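These notes are about the structure you will find just below.
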Amino acid sequence: ADRAHGFVSTRATEWAHRIVGGSNLSAAIYGLIVAMAVMGAWYADKTSGALETGISVAATLVVFWIAHGYAHAAASFESGTGSTPSQALIANARHALGHDWPIVQSGLLPLAILMAGASDLMDERSSILFATGAAATVLGGLCYVTARARNARPLSALIIAAIMTGLGGVVVALEIALG
């Protein structure tokens, strides 16, 4: 049984890393929650469309990605490698931006759906809801896979994923309510 669990945890982890574009699952989860909050806020405005929602999601994710990269680079500046302080800062920034790229990458599926709405391939308002639902589904999937990677049994992993996705929904609701 342990052998089977190890196989599941390895496969689950590999799948999750492939989906998010790296090993930083927390960055992907963070990006999904941010994207869902932005889409929810735009959807709350009955006059908003898919294009402006998509631009806002993309811009917000990029800003948060840069802010996280900056914070990591600045915090690890002292321990950076390089012969000069500027080389150490650049090396740290490159590493941090690569590490946090899943913040942006996690928004690609919702953005593709929003662009379908902006291109009249589907109703604009529906595309915002569908994109938000897709992000929530990916969030739930990542939470499930993460739980399975920690060797949780399928039912336990499903319960954990439901709770974690629900908590993500609470964060999104708070963002919408607080503006």
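Here the sequence shown is numbered in the numbering used here, starting from 545 and rising by one per residue. For each residue, glycine too, the CB sits at the ideal point set by N, CA and C. The structure presented is a predicted model; accordingly, all values stated were derived computationally and were not measured.
The Cβ atoms of Val-714 and Met-580 do not sit closer than 8 Å to each other. A distance of 8 Å or more separates the beta carbons of Val-682 and Leu-569. Look at Ala-696 here: in three-state DSSP terms it is coil, with no helix or strand label. The DSSP-derived three-state label of Trp-609 is helix.
In the structure shown, the three-state DSSP call for Met-666 is coil.
Assignment of Ser-620 by DSSP, reduced to helix, strand and coil, places it in the coil class. For the region 629-658, the continuous alpha helix (DSSP H) assignments of 4+ residues that do not extend past its boundaries occur at 629-643 and 646-649, in sequence order. Under the three-state reduction of DSSP output, Ser-592 falls in the coil class, being neither helix nor strand.
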